[in-house]
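Participant: Below you'll find the structure I mean.
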Amino acid sequence: MVNGTLNEFPVVFDVHSNADFYMQISHKAADSARIEDRIHIDSFGISSPGQVSSLGRDSAFVNTLTVGKATFVRAPASVFETPSDYNHGMLGLRWLTGNHAVVDFAKNNVIINPTKSSSQARREALLASGYVAIPMQRSAKDDRYYILVTLNGVTQPMVVSTVASNTLDTEFAKRAKIKSIATGETYGGPTGTTGQVYEVNQPVRLQVGAASLLIKQAIVEDIYAYSAMKREKKQADQTAGMLAADFLITNGAVVDFGAKTLFVKPGK
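Residue numbering for the sequence shown follows full-length UniProt numbering, beginning at 1 and increasing consecutively.
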């Protein structure tokens with residue numbers, strides 16, 4: 001999370017690489033920040049799992065957004081509800097890519113618009129200290145960043161997500177013969193969809209090129225139903241799940257969105 005302000009109103013932001021917007025804020029935060037001229041878009045956002053918010057989704061522009069020492073003028077905002085506190089928002093994919101952001105989980109910081117020389121120096125230092133560089137591909141379909149993973153002989157693309165728990169899609173887990181147990185919990189997607197959440201009962205290893213990544217904990221859910229998305233017909237095109245903040249934090253990963261590279265230490 002990073003601290004910021006909207007027209008001087010303080011907000012805490014998740015840095016969310018799994019969300020296709022520039023910035024998300026709640027309706028109450030938009031009111032508190034005196035954000036006017038909002039345009040209603042559609043029914044979207046939840047007040048609690050499975051409960052669609054009656055406020056819907058608006059679009060707007062924030063006169064001044066500050067994140068750390070950086071200031072952004074006329075920043076686009078998507079205004080909708082999440083179960084978080086009203087002053088807790090998200091900086092999404094468009095913010096990350098537009099600012100060539102580097103999310104460094106080892107040093108617990110976010111770097112924006114780094115110079116070419118600093119990016120090259122960072123890469124060399126990471127490789128020298130035992131990290132491997134895994135190329136990420138940005139999907140033309142949903143703008144998210146993917147790596148190609150193999151689990152028990154099954155190969156599919158997986159989202160690199162700077163938030164949430166490591167997640168395997170139900171169909172991918174089934175093909176890879178991964179056993180899971182019911183948690184008794186229910187997920188709630190942003191359009192009101194709900195479903196059962198399972199958890200993997202033992203660690204699994206993802207093979208990503210020459211790197212072997214140990215996933216100590218993961219949940220299993222239908223990620224397509226969660227997002228109310230249609231599943232691709234070809235297995236190879238279907239999303240395997242998310243390599244998420246649980247793994248990235250534990251392993252001190254560095255995600256360079258400008259260079260489209262994930263840096264991790266293999267075997268960890």
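The C-beta atom is built at its ideal place from N, Cα and C for all residues, glycine as well.
Note that the coordinates shown come from a computational prediction; the quantities given were computed from them, not determined experimentally.
Mapping DSSP to helix, strand and coil, what is Ile223?
Facilitator: Ile223 falls in the helix class under three-state DSSP.
Participant: Could you check the C-alpha separation between Ser227 and Gly188 for me, to the nearest Å?
Facilitator: Approximately 9 Å between the Cα atoms of the pair.
Participant: For Ile112, name the three-state secondary structure that DSSP assigns.
Facilitator: Coil at Ile112, not helix or strand.
Participant: Taking the runs of the beta strand (DSSP E) that are 3 residues or longer, which of them lie wholly in the stretch 145 to 217?
Facilitator: List check, beta strand (DSSP E) in window: 145 to 151, 154 to 160, 167 to 169, 180 to 188, 194 to 200, 204 to 208, 211 to 215.
Participant: Counting C-beta neighbours from all protein chains within 10 Å, is the total for Arg74 16 or more, i.e. buried, or is it exposed?
Facilitator: It counts as exposed.
Participant: Assign Asp85 to one of three DSSP states: helix, strand, or coil.
Facilitator: In this structure, Asp85 counts as coil in the three-state DSSP scheme.
Participant: Only counting the same chain, and skipping five residues up and downstream in sequence, which positions put a Cβ closer than 6 Å to that of Ala77?
Facilitator: Excluding positions up to five away in sequence, the list reads Met23, Ile25, Ala60, Val62.
Participant: What residue from Gln207, Ala140, Thr64 has the CA that sits closest to Ala240's CA?
Facilitator: The candidate whose alpha carbon is nearest that of Ala240 is Gln207.
Participant: Taking the continuous alpha helix (DSSP H) assigned at Leu55, which residues delimit it?
Facilitator: Per DSSP, Leu55 belongs to no alpha helix (DSSP H) and is neither H nor E.
Participant: Start and end of the alpha helix (DSSP H) containing Ser32?
Facilitator: Looking at the DSSP string, the run of the alpha helix (DSSP H) that includes Ser32 is 27 to 32.
Participant: Within 10 Å of its beta-carbon, does Ser180 have 16 or more other beta-carbons around it, so buried, or fewer, so exposed?
Facilitator: Label assigned to Ser180: buried.
Participant: Tell me which residues share the same chain as Thr5 and place their Cβ nearer than 7 Å to its Cβ, disregarding the 5 neighbours each side in the sequence.
Facilitator: So the qualifying residues of the chain are Val11, Thr66.
Participant: Could you check what DSSP says for Gln120 in three-state terms: helix, strand or coil?
Facilitator: Three-state result, Gln120: helix.
Participant: Can you tell which of Ala182, Ile134, Leu213 has its C-alpha closest to the C-alpha of Val200?
Facilitator: It is Ala182.
Participant: Considering only the alpha carbon of each residue, which of Asn108, Arg123, Asn109 lies closest to Thr115?
Facilitator: Nearest C-alpha to Thr115: Arg123.
Participant: Helix, strand or coil: how does DSSP classify Asp14 here?
Facilitator: Reduced to three states, the DSSP call for Asp14 is strand.
Participant: Round the Cβ separation of His100 and Gly258 to the nearest angstrom and send it over; I've been treating them as touching at under 8 Å.
Facilitator: That belief holds up - the Cβ atoms of His100 and Gly258 are roughly 3 Å apart, short of 8 Å.
Participant: Run through the DSSP bridge pairs and tell me what Arg138 is partnered with.
Facilitator: Beta-bridge pairing links Arg138 to Tyr145.
Participant: Would you be able to state if there are at least three C-beta pairs under 8 Å between the stretch 159 to 172 and the stretch 243 to 254?
Facilitator: With the cut-off at 8 Å, the stretch 243 to 254 and the stretch 159 to 172 touch.
Participant: Within 8 Å, do at least three Cβ pairs link the stretch 204 to 218 to the stretch 144 to 153?
Facilitator: With a cut-off of 8 Å, the stretch 204 to 218 and the stretch 144 to 153 count as touching, because enough Cβ pairs lie within range.
Participant: Could you work out which residue in Thr191, Ala253, Gly252 is closest to Pro49 when comparing CA atoms only?
Facilitator: Pro49 has its Cα closest to that of Thr191, out of Thr191, Ala253, Gly252.
Participant: Taking Cβ to Cβ, would you say Gly195 is nearer than 7 Å to Ala225?
Facilitator: Yes, these two residues count as a Cβ contact at 7 Å.
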